[in-house]
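Asks:
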Amino acid sequence: MIDKLILGRYIPRDSYVHRMDARAKLLLSIAYIAIIFLAGNWEGYLVMAIFTIGVIHLTNIPLKVYIKGVKPLIWLISFTVVLQMLFSTTGVVWFHLGPINITNDGVVNGAYVFIRFVLIIMMSTILTLTTQPLAVADAIEYLLMPLRKVKFPVYEIALMLSIALRFVPTLMDETEKIMNAQRARGVDFANGNVFQRMKAVVPLLIPLFTSSMKRAIELGDAMEARGYRGGEGRTKYRILKWHMRDTWAVVAYVVLVVVLIGLKYYLPVGI
Amino acid sequence: MSKIIDVQHLSFQYPSSDVKALDDISFSVEAGEWVAIIGHNGSGKSTLAKLLNRLLVTDTGDMTVAGLAVNDENTWDIREKVGMVFQNPDNQFVGATVADDVAFGMENRGVERESMIKRVDDALAEVQMSEFADREPVRLSGGQKQRVAIAGVIAVTPEILILDEATSMLDPQGRREVIKVIRDLKARMGDALTVLSITHDIDEAASADHILVINDGQIVEKGTPAEVFGNGPELIKLGLDVPFAEQLKAELRQLGVSVPAEYLDEEGMVKWLWQSSFNK
């Protein structure tokens with residue numbers, strides 16, 4: 001089940017992007033989503049696409065993998081693109097049927113939306129493919145630190161996040177086991193209408209829930225027995241290190257922003 | 001030698017139950033000893049372990065652990081000195097990787113990162129898990145996870161190691177590995193480490209210096225493994241196993257062979273069989 005989903009998987013490699021600081025990667029991935037809206041014309045999108053493919057090349061993971069990551073979302077993308085095309089009212093009308101007008105602006109905007117979607121998904125995939133979930137959790141903890149000033153329980157959230165991540169595969173295993181156990185007793189998970197299927201999930205969910213409670217209690221005991229008393233006063237074994245390569249990545253982004261702004265606001269004037 | 005654990009007239013009752021889980025128990029453990037506590041399911045063994053480091057709290061009875069009275073004030077000091085390994089290898093694995101899990105106890109104590117890195121390495125080497133330092137728990141066997149749990153305890157250098165059925169969910173191979181690690185550790189640390197192992201496993205109990213047998217919340221027998229296992233039939237009545245050599249003796253006895261009454265370990269039993277067939 002989890003093997004089909006590229007989004008959220010980590011592929012260990014040795015590459016420039018893999019060695020980058022998780023904080024840098026997280027921040028830059030978020031920045032990317034803002035930056036892509038700076039691209040307002042063909043040239044802008046071309047620069048963005050070249051940039052993205054360049055970064056993908058730096059990850060040492062074949063482009064194929066990223067395209068596979070986009071595939072599950074292709075329906076959502078197509079739906080948005082089609083809506084965009086159908087409901088644009090400006091520009092030269094190319095095709096006309098009842099209340100629907102397909103205009104050249106509509107088609108162009110649709111294409112932009114398509115490219116924007118694909119690029120954003122690819123960039124988010126870069127983050128998850130090249131960064132261990134744990135490092136992402138650490139990065140989130142670091143970025144939330146300022147919120148401690150307003151009494152936000154950053155340490156606790158970070159611990160919850162890392163324990164949750166650590167238990168995902170364990171719980172997947174257990175789900176599989178319970179499913180098989182219930183199948184062996186005659187529960188049919190795969191067939192029937194919506195209601196029958198929903199009912200079939202109950203003998204899976206309830207054991208999973210009770211066993212999670214049991215796990216939580218035992219984990220709590222084990223943590224206390226090992227001296228856990230809350231976040232304050234703890235030291236950290238894992239730390240994140242900011243390297244020169246992270247600074248370079250930020251510089252590359254700044255250059256990208258400058259180029260995009262240049263293309264958006266000054267290029268049309270020049271032509 | 002001094003008493004490192006001293007328990008006097010301890011009783012405990014779970015709020016949800018109307019029988020006492022432990023009923024007026026008294027015993028003591030000398031520093032450096034290895035004591036096994038055996039008893040059938042629900043006999044109160046695990047409850048006892050949790051009372052010792054105050055994961056459970058009782059009103060009646062006096063307990064001293066590592067020179068500290070077990071009370072509210074000393075809770076955390078006691079936990080500093082008592083390392084505990086629980087039954088389920090998955091549910092006590094806090095860290096996302098092996099090294100993180102070993103470091104968890106030290107992080108809680110505010111150990112400097114530099115010395116933490118060294119102690120993690122040493123502790124993993126001690127349990128022969130060094131090459132697994134970056135692995136996630138899903139990719140380890142049960143025995144490996146328990147060895148990591150032991151490494152996490154070693155890293156904070158406790159005076160007392162409590163094994164709360166640490167081998168009961170393992171396959172025979174994992175069980176042997178874990179017992180070997182504990183034996184090696186005990187051999188290295190000598191009197192600096194007291195081991196209290198709560199167990200079903202007869203091999204584990206046979207490694208101990210002393211055995212306490214608990215039945216329905218009361219201590220019914222104390223003694224060396226030889227003394228306790230010498231009463232084979234009694235143990236079976238309490239729902240416990242006896243070592244293989246004792247089982248063999250019982251079978252032979254049924255076939256009319258006159259076997260020695262005293263306890264023999266496997267080696268002793270082999271020697272005796274060897275000699276007796278010579279005499280024929």
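Residue numbers (UniProt numbering), protein chains in the order written: chain A, 1 to 271; chain B, 1 to 280. Ideal placement from N, C-alpha and C gives every residue a C-beta, glycine not left out. Note that the coordinates shown come from a computational prediction; the quantities given were computed from them, not determined experimentally.
#1: Helix, strand or coil: which one does DSSP assign to D164(B)?
#2: So which residues on chain B does Y10(A) lean against when the C-beta distance must stay under 7 Å?
#3: Does the distance from the C-beta atom of R147(B) to that of V102(B) stay below 8 Å?
#4: Please confirm if the region 202-218 of chain A is in contact with the region 172-188 of chain A, defined as three or more CB-CB distances below 8 Å between the two stretches.
#5: How about F27(B) and I198(B): do their beta carbons lie closer than 8 Å?
#6: So, are the CB atoms of L129(A) and I11(A) less than 8 Å apart?
#7: Have a look at L255(B) and A261(B) and give me their C-alpha separation to the nearest angstrom.
#8: Is A123(B) close to chain A? Criterion is C-beta to C-beta, closer than 8 Å.
#9: Chain B partners of S162(A), CB-CB under 7 Å?
#10: Helix, strand or coil for T58(B), going by three-state DSSP, please let me know.
#11: In terms of residue numbering, what span does the alpha helix (DSSP H) encompassing F93(B) cover?
#12: For I271(A), which residues of its own chain have a beta-carbon under 7 Å away from its beta-carbon, when the five flanking residues on both sides are left out?
#13: Work out the CA separation of T167(B) and D203(B) for me, nearest whole Å.
#14: With a threshold of 7 Å on Cβ separation, who are the neighbours of P203(A) within its own chain once the five nearest residues in sequence on each side are excluded?
#15: Suppose you measure from the CA of Y263(B) to the CA of K222(B); what does that come to, to the nearest Å?
#16: Could you check what DSSP says for V65(B) in three-state terms: helix, strand or coil?
#17: So A206(B) is in the beta strand (DSSP E); what residue range does that whole segment cover?
#18: According to DSSP, is G270(A) part of a helix, a strand, or is it coil?
#19: Residues in its own chain within less than 7 Å of K186(B) by CB, not counting five upstream and five downstream?
#20: Who pairs with F244(B) in a beta bridge, going by DSSP?
#21: Tell me the residue span of the beta strand (DSSP E) that contains H9(B).
#22: List the residues of chain A that E159(B) touches, going by C-beta distances under 8 Å, in chain order.
#23: Whole angstroms is fine: what's the gap from R234(A)'s alpha carbon to M145(A)'s?
#24: Among L248(B), A49(B), A205(B) and K249(B), which has the Cα closest to the Cα of V228(B)?
#25: If I'm right that I121(A) touches L73(A) with Cβ under 8 Å, what's the distance once you round it to whole angstroms?
#26: Report yes or no: do three or more beta-carbon pairs, one from the region 124-135 of chain B and one from the region 74-85 of chain B, lie closer than 8 Å?
#27: Check the Cβ-Cβ distances between Q92(B) and every residue of chain A, and say whether any is below 8 Å.
#28: For I33(A), which residues from the same chain have a beta carbon less than 7 Å from its beta carbon, with the 5 sequence-adjacent residues on both sides left out?
#29: Compute the distance between the beta-carbons of I162(B) and M84(B), then report whether it is under 8 Å.
Replies: The structure says:
#1: In the second sequence, the residue the question calls residue 164(B) occupies position 164. Here D164(B) sits in strand by DSSP.
#2: Position 10 of the first sequence, counted from the first residue, corresponds to residue 10(A). What Y10(A) touches in chain B: nothing, since even the nearest Cβ is about 10 Å away.
#3: On the second sequence, residue 147(B) is found 147 positions in, with the first residue counted as 1. On the second sequence, residue 102(B) is found 102 positions in, with the first residue counted as 1. Against a cut-off of 8 Å, the Cβ pair of V102(B) and R147(B) comes out as no contact.
#4: yes
#5: Here the question's residue 27(B) lines up with position 27 in the second sequence. Here the question's residue 198(B) lines up with position 198 in the second sequence. Not in contact: F27(B) and I198(B) (Cβ atoms no closer than 8 Å).
#6: Translated into positions along the first sequence, residue 129(A) becomes position 129. Translated into positions along the first sequence, residue 11(A) becomes position 11. Result yes, Cβ atoms of L129(A) and I11(A) sit closer than 8 Å.
#7: The residue labelled residue 255(B) in the question sits at position 255 within the second sequence. The residue labelled residue 261(B) in the question sits at position 261 within the second sequence. L255(B) and A261(B): Cα-Cα distance of roughly 15 Å.
#8: Residue mapping note: residue 123(B) aligns to position 123 of the second sequence, counting from 1. False, the Cβ-Cβ gap to chain A never drops below 8 Å.
#9: On the first sequence, position 162 is the one that residue 162(A) refers to. Neighbours of S162(A) on chain B, chain order: A96.
#10: If you number the second sequence from 1, residue 58(B) lands on position 58. In this structure, T58(B) counts as coil in the three-state DSSP scheme.
#11: Translated into positions along the second sequence, residue 93(B) becomes position 93. It is not in any alpha helix (DSSP H) - F93(B) carries neither H nor E in the DSSP assignment.
#12: If you number the first sequence from 1, residue 271(A) lands on position 271. Below a pLDDT of 50, predicted positions are generally treated as unreliable, and I271(A), at 45, falls in that range; no measurement from the model is reported.
#13: For this step, residue 203(B) is matched to residue 203 along the second sequence. For this step, residue 167(B) is matched to residue 167 along the second sequence. If I take the Cα positions, the gap works out to 11 Å.
#14: To locate residue 203(A), count along the first sequence from 1; it is residue 203. Hits under 7 Å: Q182 and V187.
#15: Indexing the second sequence from 1 puts residue 263(B) at position 263. Indexing the second sequence from 1 puts residue 222(B) at position 222. For Y263(B) and K222(B), the distance between alpha carbons rounds to 15 Å.
#16: The count along the second sequence starts at 1 and reaches residue 65(B) at position 65. DSSP places V65(B) within a strand segment (E or B) once states are collapsed to three.
#17: Along the second sequence, one-based indexing puts residue 206(B) at 206. Run containing A206(B): none in the beta strand (DSSP E); it sits in the alpha helix (DSSP H), I202 to A206.
#18: Here residue 270(A) refers to the residue found at position 270 of the first sequence. Note that G270(A) scores a pLDDT of 46, beneath 50, so its modelled location is shaky and nothing firm can be said.
#19: Position 186 of the second sequence, counted from the first residue, corresponds to residue 186(B). Excluding positions up to five away in sequence, the list reads W34, L193 and V195.
#20: Numbered from 1 along the second sequence, position 244 holds the residue referred to as residue 244(B). Per DSSP, none; premise fails for F244(B).
#21: Here residue 9(B) refers to the residue found at position 9 of the second sequence. Counting along the chain, the beta strand (DSSP E) containing H9(B) begins and ends at K3 to F12.
#22: Translated into the one-based positions of the second sequence, residue 159(B) becomes position 159. Correct list: empty, because the minimum Cβ distance to chain A is about 14 Å.
#23: On the first sequence, position 234 is the one that residue 234(A) refers to. On the first sequence, position 145 is the one that residue 145(A) refers to. So the alpha carbons of these two residues sit roughly 15 Å apart.
#24: One-based indexing of the second sequence puts residue 228(B) at position 228. Among L248(B), A49(B), A205(B) and K249(B), the Cα nearest to that of V228(B) belongs to A205(B).
#25: For the purposes of this step, residue 121(A) is taken as residue 121 along the first sequence, with counting starting at 1. For the purposes of this step, residue 73(A) is taken as residue 73 along the first sequence, with counting starting at 1. That pair is a contact at about 6 Å.
#26: Contact fails: fewer than three Cβ-Cβ distances are below 8 Å.
#27: Position 92 of the second sequence holds residue 92(B). So yes, Q92(B) belongs to the interface.
#28: Sequence index remark: in the first sequence, residue 33(A) carries index 33 (1-based). Excluding residues within five positions, the ones whose Cβ falls inside 7 Å are I120.
#29: Locating residue 162(B) in the second sequence gives position 162, where the first residue counts as 1. Locating residue 84(B) in the second sequence gives position 84, where the first residue counts as 1. In this structure, the beta-carbon distance from I162(B) to M84(B) falls below 8 Å.
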